[in-house]
Structures are given as C-alpha cells and as structure tokens.
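K.L.:
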Ligand code: NDP
Ligand code: HSE
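In the UniProt record's numbering, the protein residues as written are 1 to 440.
1) Determine whether the beta carbon atoms of residue 438 and residue 275 lie at a separation below 7 angstroms.
2) Just to confirm, is the Cβ distance from residue 115 to residue 97 under 7 angstroms?
3) Given the structure, does residue 208 come close to the ligand HSE, in the sense that its CB is under 6 angstroms from one of the ligand's heavy atoms?
4) Under 8 angstroms: do the stretch 95 to 114 and the stretch 72 to 85 share three or more Cβ pairs, one atom per stretch?
5) Compare the Cα-Cα distances from residue 226 to each of 235, 238 and 250 and report the closest residue.
6) Please look up how many angstroms separate the CB atoms of residue 399 and residue 428, rounded, as I've assumed it's under 8 angstroms.
7) Check whether the stretch 37 to 56 touches the stretch 7 to 16, taking contact to mean three or more Cβ pairs, one atom from each stretch, closer than 8 angstroms.
8) Using only CA atoms, which one of 430, 360, 164 and 355 lies nearest to residue 412?
9) For residue 14, is the beta carbon positioned less than 6 angstroms from some heavy atom of the ligand HSE?
10) If contacts are defined as beta-carbon pairs under 8 angstroms, then residue 313 and residue 137 qualify, I think. What distance do you get, rounded to the angstrom?
11) Assuming the contact rule is C-beta atoms closer than 8 angstroms, residue 388 and residue 288 should be a hit. Round their C-beta distance to whole Å, please.
12) Helix, strand or coil for residue 263? Go by DSSP, reduced to three states.
13) Taking the Cβ atom as the reference point for each residue, do residue 370 and residue 404 lie within a distance shorter than 7 angstroms?
14) Exposed or buried, residue 223, counting other C-beta atoms within 10 Å across all chains shown (16 or more means buried)?
15) Rounding to the nearest angstrom, what Cα-Cα distance links residue 139 and residue 316 in this structure?
16) Write down the C-beta distance between residue 282 and residue 247 rounded to the nearest angstrom, noting that I regard them as a contact closer than 8 angstroms.
17) Residue 303 to residue 292, Cα distance in whole Å?
18) State the Cα-Cα distance for the pair residue 185 and residue 253, rounded to the nearest angstrom.
19) Using only CA atoms, which one of 145, 178, 433 and 200 lies nearest to residue 353?
20) Report the residue from 24, 308 and 336 whose alpha carbon sits nearest the alpha carbon of residue 164.
21) In the DSSP assignment, find the unbroken beta strand (DSSP E) run with residue 249 in it and report its ends.
22) The ligand NDP and residue 106: does the residue's C-beta get closer than 6 angstroms to at least one heavy atom of that ligand?
23) What runs of the alpha helix (DSSP H), each 4 residues or longer, lie entirely inside the stretch 17 to 103?
24) Spatial neighbours of residue 74 within its chain, please: CB distance less than 8 angstroms, with the 5 preceding and 5 following residues excluded, ordered by chain position.
25) Between residue 357 and the rest of its own chain, which residues show a CB-CB distance below 6 angstroms, the 5 nearest in sequence each way excluded?
26) Helix, strand or coil: how does DSSP classify residue 283 here?
27) Using a Cβ-based criterion (distance less than 6 angstroms to any ligand heavy atom), does residue 269 qualify as near the ligand NDP?
28) Can you check the stretch 272 to 354 for any beta strand (DSSP E) of at least 3 residues that lies completely inside it and give the ranges in chain order?
29) Rounded to a whole number of angstroms, what is the C-alpha to C-alpha distance between residue 16 and residue 196?
30) Please report how far the alpha carbon of residue 269 lies from the alpha carbon of residue 348, in whole angstroms.
31) Between 332, 200, 416 and 336, which has its C-alpha nearest residue 378's C-alpha?
32) Would a C-beta distance cut-off of 7 angstroms place residue 144 and residue 214 closer than the cut-off?
33) Could you tell me the boundaries of the beta strand (DSSP E) in which residue 402 lies?
34) Kindly examine the ligand NDP and report whether one of its heavy atoms sits closer than 6 angstroms to the Cβ of residue 46.
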C-alpha cells in the first residue's frame, strides 16, 4: 500500500479526543477512502499528564512542543483543535507556508484573521479546510464553497449557536426567564462555565463572518459583524412573540444587496429576532443548528444538524482530513480562497428589517397620536398596534403597554425613533425592541 499520510494533531480535548477515537475505529475504512493509511505523527497538548481516559493511542505520541511537531519533515497534514488566536495563528501560518495542509475547527481565528491563513496557504500550496468551524457536524462550508459556486447566493440566515438556541427554546416552551433557562443549560452541560461567548453572540458572530466570506466571495471579519446577544430577552418578549404567532431565535443574517445606484454590498448581523412559527428555522429546537440559504437559481436550501459536541465536530474534521489527504496523494490542491467580489460591508444603520417595540405608556387621550407621530417623523411605518394593561411591578394604575410592529425600515431610522420615544414624558419606558424576520 502507499505510504501513510502523517497527521500532527494539535489539541486533544473535547474534539481532539474524538478525532483520535474515530481515526482508530475507522482506520481501515479511512485508509480505503484515502488510498493510504492515516497515521498520527504526534499530538500536541498543554498538559502531558492530564487524564485522558482510555484513548486508543500510544502515550509516547504526546508532546507540548507543537511547533516542533509541525516542523517535522514526516508531517503532511496539521489538524488544529486547540482554539483561540495565538499561538494557533503562528502554528498554522508556519505549517501552511511550509506547504503542509491544514484542517482546523478554529472559528475564532478564521473570523479574526482568516485572510492571513488563506494567504499562507496560497504561498505554500497546501489546502486549508475548516468545515467544523461553523455548525459542527453539518456539511455547510463545502456546499457553499463548492456545490453552490455556479450560483449567486443572496442571503444566509442561520441558527449557529446551540447554547443560545437551547436557552431560547426552553424560554419558549416553559415561559422561563433568561437566567432560569441559562441555569438549566449549564446544568445539562450545554452552556460553559463562562457562557459569555455564546450568550453575548461572539461565537455566532465569528461563524457569521465565515459564512458571509464564503457566500459572497468577500473577506468578512468578526469585527464587520453587528452583534447583539440574548441576555436582554425577557419572558415578556417571548410571550409577546407567541401572541403574534412567532418565536425568538438568535439569528445570524448575511445578505447582499444593491443601493439606488446599483452598488452592491453585504450586511452581516447577529441578534435575537422574532420569526413566525411557520418559518423553517422556528422548528429548530434544543441545541441544534440550522442554516437557511437563498440563492438565485437553487432557491431555498436548509442545512440542519448538531452544531457542537466532540463526536459531531470530529466527524466534520475527519471529512476534511480525508479530503486533504486525497488531494496530497493526487498531487493536487483544492480551489483556493475566492474573495474576488471584495464587496463593502454595509453599516448596521442601513440594514432594513421590521421591529417589535414594547412601550410602557400613560393611558390617557392623545398618547397613541404622540407615539405614532414619532414613528411618522422618522419615516417608520406602523403595521400593527396592540394595547393592554400595564403588567408586572413597574405597571402603575393609569398605565398601559403598547406593542407596535413596524413595516420594514432602516435600522438607523428605528434607533432614532426609539431615542425620541424615550424622551417623551408619556413614555414610562421602552421595555423592549426586537427585530422581526422571515415575514409574518
Ligand atoms: P478543549 O478546550 O476541550 O481542548 C483544547 C485542547 O487544546 C486541549 O487538549 C489542550 O491541551 C490543548 N491546548 C490548549 N492550549 C494549548 C497550547 N498552548 N499548546 C498545546 N495544546 C494546547 O477545546 P475543544 O475540543 O472544545 O475545541 C477545540 C476547537 O474546536 C476550538 O477551536 C473550538 O472553537 C472548536 N469547536 C469546538 C466545538 C465543541 O463542541 N467543543 C464545536 C465546534 C468547534 P490539554 O488537553 O493538555 O488541556
Ligand atoms: N458554544 C458553541 C455552541 C459550540 O453553543 O454552539 C460550537 O461552536
């Protein structure tokens, strides 16, 4: 048989340990698919002595010298499942410049500085694959970067963070508040001890940048993504969504569009939004992920599955390993980065969407007229208005709750509307502002 393709595995935690297990369990099949055995040359970790349970691997393969491992002549492919910006960036640039192929699950690094990795891959001539970096096991990046390359993608709407989807699904199912649902997610092992990256939307924003870059042939970084998390979503918002036939999801939305002069640009945002319960993304529950892609010729496509976890993520990593190993044996490389469109990223103020606004107001004649006047002054058209008695501790006698849903308007116009509403003496508080997506 052909001599083995040798892998340097960087990281042996939740994902890395499953990569080791699958490489062992599937070795014969993987060798048949690649055309050569896949062999682990070494495994770089932070702590050699850490208890890793019953891992089917020679303990002598472990090292703390990641760079030394990468530089070895007998290493063909570097598999990075450590995470973070440094030292991962330095390692991967070193490997790619040396002509090695890289498989990584590192969304943070790709979203922060993917361009540097792509440039290094172009320089060295190896492959850079990162299917596991967005939506875990779901085959999504390969369809975007290969299958849909004959089409024009117009919009990508996704639920790409399992932790927040679990929390919002629990809030919808039980009426629980955010804190209670987060506690449940932590107890069940969905949320990490420090859930900031998930609940504040950083994780989803990194994935949104990667998706937008591939969909629109344009380098988009995490810093280009407008980001809002779910910590401000209340049980009252969820109840109001339900009353409108909606549910609330943390969405990543990447869209391309043209201005009046036909100049194309992209907008990329992550924020909680109400979507109708009839929308395909509304039924994505628990910690599952799903991504809805719209393209000119293909129409609507939906990708669904497990977005996290050791084995699902290792499945995506192994798929990439097989692809790059095959390429090396064939002496070819995959198509390089496609960023030719180089579209500008539109500021959030120009994003056009609908809004659900909940106001605590004085309940007396003329209030509705004053409130409607503010919307009119900012050219934001009201679609529906619902009034009910003020509830909760803040609700005083003589107050009411006004729930207003608008037609589509630019985000900047809505922000100016809310700012002016806050200054009215008849408005006790702007209780919540949520975007509404997906039609109603
Ligand atoms: P873990 O924290 O479980 O594992 C990280 C591994 O990296 C550990 O083995 C650790 O060593 C090693 N490591 C950390 N720092 C260093 C260092 N300086 N030098 C050498 N080794 C180091 O992470 P995960 O497996 O959860 O995640 C890995 C990557 O996969 C991340 O980029 C993450 O974003 C991505 N990912 C993870 C998913 C998941 O569900 N977990 C889903 C999708 C993507 P030691 O074992 O000694 O501590
Ligand atoms: N924390 C992420 C999530 C893991 O909850 O989806 C995968 O990136």
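No residue lacks a Cβ here, since even glycine has one placed at the ideal position from N, Cα and C.
P.N.:
Taking the coordinates as given:
1) yes
2) no
3) no
4) yes
5) 250
6) 6 angstroms
7) yes
8) 355
9) no
10) 7 angstroms
11) Incorrect: roughly 34 angstroms between the Cβ atoms, too far for contact.
12) coil
13) no
14) exposed
15) 7 angstroms
16) 5 angstroms
17) 6 angstroms
18) 24 angstroms
19) 433
20) 308
21) 246 to 258
22) yes
23) 27 to 34, 66 to 71 and 88 to 97
24) 6 and 41
25) 404 and 433
26) helix
27) no
28) 288 to 295 and 299 to 306
29) 23 angstroms
30) 8 angstroms
31) 416
32) yes
33) 399 to 406
34) yes
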